[in-house]
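Undergrad: Below is a structure I'd like to ask you about.
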Amino acid sequence: MNWNPRLAQLDDISAIEQLIPQSVLALQAPYYSEAQMCAALGPVFGVDRQLIEDGTYYLVENDGRIIGCGGWSRRKSIFGGDQCRAGPDPELNPACAPARIRAFFVHQDWARRGIGRSILVACETAIRAANFRSVELVATLAGEPLYASHGYAAIEGYDINLNGGLQLPVVRMRKSIPPDPELYRSDPR
Ligand SMILES: CC(C)(COP(=O)(O)OP(=O)(O)OC[C@H]1O[C@@H](n2cnc3c(N)ncnc32)[C@H](O)[C@@H]1OP(=O)(O)O)[C@@H](O)C(=O)NCCC(=O)NCCS
Numbered sequence: 788m789n790w791n792p793r794l795a796q797l798d799d800i801s802a803i804e805q806l807i808p809q810s811v812l813a814l815q816a817p818y819y820s821e822a823q824m825c826a827a828l829g830p831v832f833g834v835d836r837q838l839i840e841d842g843t844y845y846l847v848e849n850d851g852r853i854i855g856c857g858g859w860s861r862r863k864s865i866f867g868g869d870q871c872r873a874g875p876d877p878e879l880n881p882a883c884a885p886a887r888i889r890a891f892f893v894h895q896d897w898a899r900r901g902i903g904r905s906i907l908v909a910c911e912t913a914i915r916a917a918n919f920r921s922v923e924l925v926a927t928l929a930g931e932p933l934y935a936s937h938g939y940a941a942i943e944g945y946d947i948n949l950n951g952g953l954q955l956p957v958v959r960m961r962k963s964i965p966p967d968p969e970l971y972r973s974d975p976r
């Protein structure tokens, strides 16, 4: 199916906040315990308003209902909701730092229909236009196959510490973003 992601607005936040736990508790269940998922909801899996304000967070809708979300960032944070961040999130220099892919969540009923991939394509187009030459992300074990299928390579696995002494195994992944060849095509005249 073809999906047309649109940019999220601040008044979409309450709908996104409903989608995130639904997506996490259903689609991450094969990989994480309920205790891990519940502890990660909020600090790790939450809305980052900065992405919406930056115009770098996308939504996919069906019949006016949000069924998928995800975005990219020109800022330092690589995961997590903004409520757990102390202070502003500094901007990265595209010449020497990778952009971030952030916070992808698809509704269980709409999984494996290309929504995640369509948002990823929209993100990479914008990342290239913003002159970044590489992208990094921290993938959940549920998210890793999506990114791997789109050319992202695993760099390292590690654990995010959660409340209650729990840990969330994740994978740091990276991809190069070559410049748009159209920009360098010589003028045929
Ligand atoms: C990860 C997630 C966003 C993927 O969204 P999606 O819309 O279902 O993914 P797509 O349909 O676009 O998948 C594109 C490709 O990725 C790969 N892929 C995605 N999910 C997969 C899975 N569960 N198992 C194996 N491959 C998978 C496949 O190659 C797939 O292509 P195919 O369906 O033609 O085989 C979704 O599973 C999700 O919301 N998970 C819970 C929240 C989460 O963990 N988010 C990731 C944060 S890093």
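Position 42 (the sequence shown) corresponds to 829 in the numbering used here; numbering is contiguous. Positions of the beta carbon are idealized from the N, C-alpha and C atoms, including for glycine.
(1) I'd like to check one pair, serine 864 with aspartate 841: are the Cβ atoms closer than 9 Å?
(2) Looking only at its chain, what residues have a beta carbon closer than 6 Å to the beta carbon of glutamate 818, apart from the 5 residues adjacent to it on each side?
(3) Using CA atoms only, rank isn't needed, just tell me which of Met824, Thr912 and Ser936 is closest to leucine 955.
(4) With 16 other CB atoms within 10 Å as the buried threshold, where does leucine 907 fall?
(5) May I ask whether a heavy atom of ligand 1 can be found less than 8 Å away from the beta carbon of arginine 900?
(6) Tell me which same chain residues have a C-beta within less than 7 Å of the C-beta of isoleucine 964, skipping the five on either side of it?
(7) Could you work out which residue in Tyr844, Leu814 and Gln815 is closest to proline 792 when comparing CA atoms only?
(8) Contact check, glutamate 931 vs valine 958 under 8 Å by CB: the rounded distance?
(9) Have a look at the DSSP bridge pairing and note the partners of alanine 1020.
(10) Taking only the alpha-carbon atoms, compute the straight-line gap between tryptophan 790 and isoleucine 902 and give it to the nearest angstrom.
(11) Say yes only if the C-beta of arginine 852 is nearer than 8 Å to one or more non-hydrogen atoms of ligand 1, and no if none qualify.
(12) For the segment 803-861, which segments carrying the beta strand (DSSP E) assignment without a break, of at least 3 residues, lie completely within its bounds, in sequence order?
(13) In chain order, what residues of the same chain lie with their CB nearer than 6 Å to the CB of glycine 833, ignoring the 5 residues before and after it?
(14) Compare the C-alpha of glycine 855 against each of Ile947, Arg889, Asn880 and Ala826 and name the closest.
(15) Comparing the CB of phenylalanine 892 with every heavy atom of ligand 1, is any distance shorter than 8 Å?
TA: Taking the geometry as given:
(1) Within the sequence shown, residue 841 is the residue found at index 54, counting from 1. Within the sequence shown, residue 864 is the residue found at index 77, counting from 1. In this structure, aspartate 841 lies away from serine 864, with their beta-carbon atoms at least 9 Å apart.
(2) In the sequence shown, the residue the question calls residue 818 occupies position 31. Strictly speaking, residue 818 in this sequence is tyrosine, with glutamate absent from that position. Closer than 6 Å at the Cβ level, and outside the excluded window around tyrosine 818, lie Leu928 and Ala929.
(3) Numbered from 1 along the sequence shown, position 168 holds the residue referred to as residue 955. Leucine 955 has its Cα closest to that of Met824, out of Met824, Thr912 and Ser936.
(4) As a working note, residue 907 is residue 120 in the sequence shown. The residue is buried, with at least 16 neighbouring Cβ atoms inside 10 Å.
(5) Position 113 of the sequence shown, counting from 1, holds the residue named residue 900. When distances are taken from the beta-carbon of arginine 900 to the heavy atoms of ligand 1, the shortest one is below 8 Å.
(6) Here residue 964 is taken as the residue at index 177 of the sequence shown, counted from 1. Non-local C-beta neighbours of isoleucine 964 in its own chain, meaning closer than 7 Å and more than five positions away in sequence, comprise Glu911, Ile914, Arg915, Phe919, Arg920, Ser921 and Val922, ordered along the chain.
(7) Within the sequence shown, numbered from 1, the residue matching residue 792 stands at position 5. It is Tyr844 whose Cα lies nearest to the Cα of proline 792.
(8) On the sequence shown, residue 931 is found 144 positions in, with the first residue counted as 1. On the sequence shown, residue 958 is found 171 positions in, with the first residue counted as 1. Between glutamate 931 and valine 958 the beta-carbon gap is near 5 Å, inside 8 Å, which marks them as a contact.
(9) Given a span of 788 to 976 for the chain in the structure shown, any question on residue 1020 remains unanswerable.
(10) Residue mapping note: residue 790 aligns to position 3 of the sequence shown, counting from 1. Residue mapping note: residue 902 aligns to position 115 of the sequence shown, counting from 1. Taking the straight line joining both Cα atoms gives about 6 Å.
(11) Here the question's residue 852 lines up with position 65 in the sequence shown. It does not: the Cβ of arginine 852 is nowhere closer than 8 Å to a heavy atom of ligand 1.
(12) DSSP runs (the beta strand (DSSP E)) wholly in the segment 803-861: 844-849 and 852-860.
(13) Within the sequence shown, numbered from 1, the residue matching residue 833 stands at position 46. Here the set comprises Gly868.
(14) Here residue 855 refers to the residue found at position 68 when the sequence shown is read from its first residue. Looking only at Ile947, Arg889, Asn880 and Ala826, the smallest Cα-Cα distance to glycine 855 is reached by Arg889.
(15) Within the sequence shown, numbered from 1, the residue matching residue 892 stands at position 105. For ligand 1, at least one heavy atom lies less than 8 Å from the Cβ of phenylalanine 892.
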